[in-house]
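Undergrad: Residues 2 to 172 in the numbering used here are what the sequence shown lists, from first letter to last. By construction, the Cβ of each residue, glycine as well, lies at the ideal position given by its N, Cα and C atoms. Dropping the structure in here first, questions after.
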Amino acid sequence: MKWELVEQLQTGGPVMIPIAILSVLGLMSLLERVWSLPRSRYQGKEELRTYVRKTMEREEQLQLLEEKGRQLVGMLHKKTFLLGIVASVAPMLGLLGTVLGMIVTFSDIQEVGVGDAGALAGGISQALMTTFVGLCVGIPALVAHRWVLREIDDIALDWEESCRAELEKDV
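As structure tokens, this is what we get:
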């Protein structure tokens, strides 16, 4: 069973290598975000609270909080870049593999004609396998990317509510 899977993946041709690399990078990026976002929620909230506690006029506090909040959210968004790239590029690589497989198929048709189904099967198999694997990597990466972005939005909202509550204490 294990070797059959390897053989099937090998039929996808050279495009399978970057898709495999992207799958590993996407998984690593997702795991890093899952591990660090809860800590970021707490650390960012504490960092923003220190700005609230500074003695300055309320308008200055609000400006400073907005600026610092944008910086912190921007830092969280930067770390989603790789996951977004995987979600976008993996299906495109699958499509590239499809095109390469069809080129192989038409090249075989040109050499042996349409009568030899076995000669045509390799290119068609390559086309289908790369499409399949590209989508199998890209779709979960897209879902994970959207989930991470939603979590960042939730964190930003939590920070904002926490800062507003802290500001209300001072009034």
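Taking 7 Å as the limit between beta carbons, can you name the residues of its chain near Ser37, skipping five residues before and five after?
TA: Excluding its 5 nearest sequence neighbours in each direction, Ser37 has no C-beta neighbour in its own chain below 7 Å.
Undergrad: Quick check on DSSP: helix, strand or coil for Thr81?
TA: coil
Undergrad: In chain order, which continuous runs of the alpha helix (DSSP H) of length 4 or greater are located wholly inside the stretch 5 to 56?
TA: Uninterrupted alpha helix (DSSP H) stretches at least 4 residues long and entirely within the stretch 5 to 56 occur at 17 to 54, given in chain order.
Undergrad: Kindly confirm or deny that the stretch 149 to 158 and the stretch 102 to 110 touch, where touching means at least three C-beta pairs closer than 8 Å.
TA: no
Undergrad: With distance defined between alpha-carbon atoms, name the residue in Ile86, Gln44, Glu61 nearest to Gly139.
TA: Taking each of Ile86, Gln44, Glu61 in turn and checking the Cα distance to Gly139, the smallest one comes out for Ile86.
Undergrad: Considering only C-alpha positions, which residue in the set Lys170, Thr99, Arg165, Trp160 is nearest to Tyr43?
TA: Checked all of Lys170, Thr99, Arg165, Trp160; the closest Cα to Tyr43 is Trp160.
Undergrad: Helix, strand or coil for Asp155 per DSSP?
TA: Asp155: helix per DSSP, three-state reduction.
Undergrad: Given a threshold of 16 other Cβ atoms within 10 Å of its Cβ, counted over all protein chains shown, does Pro92 qualify as buried or as exposed?
TA: buried
Undergrad: Assuming contact is defined by CB atoms lying nearer than 8 Å, are Gly95 and Val134 in contact in what I supplied?
TA: yes
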